[in-house]
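K.L.:
This is the structure I have questions about; it appears just below.
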Amino acid sequence: MNIILLGPPGAGKGTQANILIKKFGIPQISTGDILRRAVKDQTPMGVKAKAFMDSGALVPDEVVVGIVGERLVQADCAAGFILDGFPRTVAQADALKSMLISNGKSIEHVLSIEVNRDELLQRITGRRTCRGCGRGYHIVFDPPKSAGKCDECGNELYQRDDDSEATMAKRLSVYDEQTAPLVSYYGNENLLRRIPGMGSIDEIQSAILGVLEGGCR
Ligand code: AMP
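See below:
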């Protein structure tokens, strides 16, 4: 089961991927998470990526294609994987296709999670993450029991630098210009399934499972 989750920042790709990981036992490959870890660890790649990420721009294609290429050949991807936040450009989608062909694999489903702009802004600007365990919260929709503190491990919650309102506007315009063309790219390949992303987490998950388990296209 090789899946791509497509959608703008704040569409809920990470949330849905986390549920799918547990349900199907396949890994999530989030280029955003991998890059954030590299930034935190100050690896050469992280140092290079930081300025792009902080400004809401995309990290160069060759960097993210390299990350995904190394990850896809790992043993835990043998039974399937969920790509979250990759590809984000047509060049990345082309590179992914070549990598998969050379590994004898293909994408089965591209799930495009669709959410309107106001909702995206509200979701993203209220998003908080635990510095310790990485658990996500939302100050309105999913607040911690004690303000600013993680329910699981008690560590401090923080707002990602790129989740501020100003950077969010830039990320959305980058999405429109560079990533939205992938909707028709995968539509032309007959892989695209549109998922209404405005409901509850459970409703969106049911729509996704309907596609994955229904097997229809
Ligand atoms: P995300 O957590 O997926 O929203 O990604 C956070 C940031 O990481 C993005 O705004 C980009 O700067 C960078 N990034 C993540 N995935 C990619 C990608 N596939 N291509 C280029 N940049 C990426």
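Residue numbers (numbering that gives the first Met the number 0): 0 to 216.
No residue lacks a Cβ here, since even glycine has one placed at the ideal position from N, Cα and C.
Because the structure is a prediction, the values reported are computed rather than measured.
Helix, strand or coil for Arg192, going by three-state DSSP, please let me know.
P.N.:
Indexing the sequence shown from 1 puts residue 192 at position 193. If DSSP states are grouped into helix, strand and coil, Arg192 belongs with the strands.
K.L.:
Going by DSSP, which residues form a beta bridge with Asn1?
P.N.:
To locate residue 1, count along the sequence shown from 1; it is residue 2. In DSSP, Asn1 forms a bridge with Phe80.
K.L.:
For Ile106, which of Cys129, Phe85, Arg116, Asp117 has the nearest alpha-carbon?
P.N.:
Against the sequence shown, residue 106 aligns to sequence position 107. Nearest of Cys129, Phe85, Arg116, Asp117 to Ile106, Cα basis: Phe85.
K.L.:
With which residues is Thr128 paired in a DSSP beta bridge?
P.N.:
On the sequence shown, position 129 is the one that residue 128 refers to. DSSP lists Gly135, Tyr157 as partners of Thr128.
K.L.:
Expressed to the nearest angstrom, what Euclidean distance is found between the alpha-carbon atoms of Ile242 and Cys132?
P.N.:
The structure shown does not extend to residue 242, since the chain is modelled only from 0 to 216, so the question has no answer here.
K.L.:
Could you pull the DSSP bridge partners for Glu113 from this structure?
P.N.:
In the sequence shown, residue 113 corresponds to position 114, counting from 1. In DSSP, Glu113 forms a bridge with Pro195.
K.L.:
Name the residue from Glu176, Pro195, Asp175, Asp60 whose alpha carbon lies nearest to the alpha carbon of Lys12.
P.N.:
Residue 12 sits at position 13 when you count from the first residue of the sequence shown. Checking every option, the nearest Cα to that of Lys12 belongs to Pro195.
K.L.:
Between which residues of its own chain and Asn17 is the CB-CB distance below 8 Å, once the five residues before and five after are set aside?
P.N.:
Against the sequence shown, residue 17 aligns to sequence position 18. Gln27.
K.L.:
May I ask you to report which of helix, strand or coil DSSP gives Ser163?
P.N.:
Numbered from 1 along the sequence shown, position 164 holds the residue referred to as residue 163. In this structure, DSSP gives Ser163 a state outside helix and strand, which the three-state scheme calls coil.
K.L.:
Can you give the Cα-Cα distance for Arg134 and Ile20, rounded to whole angstroms?
P.N.:
The residue given as residue 134 occupies position 135 in the sequence shown. The residue given as residue 20 occupies position 21 in the sequence shown. One C-alpha to the other measures close to 15 Å.
K.L.:
Where Arg216 and Ser183 are concerned, what is the direct C-alpha to C-alpha distance, given to the nearest angstrom?
P.N.:
Position 217 of the sequence shown holds residue 216. Position 184 of the sequence shown holds residue 183. Caution applies to Arg216, whose pLDDT of 47 falls short of 50 and renders its modelled position unreliable; the model cannot decide the point.
K.L.:
Between the Cα of Thr280 and the Cα atoms of Val63, Gln41, Gly213, Lys104, which residue gives the shortest distance?
P.N.:
Because the chain here runs from 0 to 216, residue 280 falls outside it and cannot be looked at.
K.L.:
Quick check: what's the CA-CA separation for Ala165 versus Ser145?
P.N.:
Here residue 165 corresponds to residue number 166 of the sequence shown, with the count starting at 1. Here residue 145 corresponds to residue number 146 of the sequence shown, with the count starting at 1. If I take the Cα positions, the gap works out to 27 Å.
K.L.:
Answer with buried or exposed for Asp83, where buried requires no fewer than 16 other C-beta atoms within 10 angstroms of its C-beta.
P.N.:
Numbered from 1 along the sequence shown, position 84 holds the residue referred to as residue 83. That one is buried.
K.L.:
Are Asn1 and Gly79 closer than 8 Å when you measure CB to CB?
P.N.:
Sequence index remark: in the sequence shown, residue 1 carries index 2 (1-based). Sequence index remark: in the sequence shown, residue 79 carries index 80 (1-based). A contact, by the Cβ cut-off of 8 Å.
K.L.:
Find the nearest neighbour of Ala77 within the set Gly103, Glu176, Met52, Ala90, judged by alpha-carbon distance.
P.N.:
On the sequence shown, position 78 is the one that residue 77 refers to. The option with the nearest alpha carbon to Ala77 is Gly103.
K.L.:
So, using beta-carbon positions, are Arg87 and Thr178 closer together than 8 Å?
P.N.:
Here residue 87 is taken as the residue at index 88 of the sequence shown, counted from 1. Here residue 178 is taken as the residue at index 179 of the sequence shown, counted from 1. Yes. Within cutoff.
K.L.:
For Asp75, does the three-state DSSP call read helix, strand or coil?
P.N.:
Looking up residue 75 in the sequence shown gives position 76. Helix.
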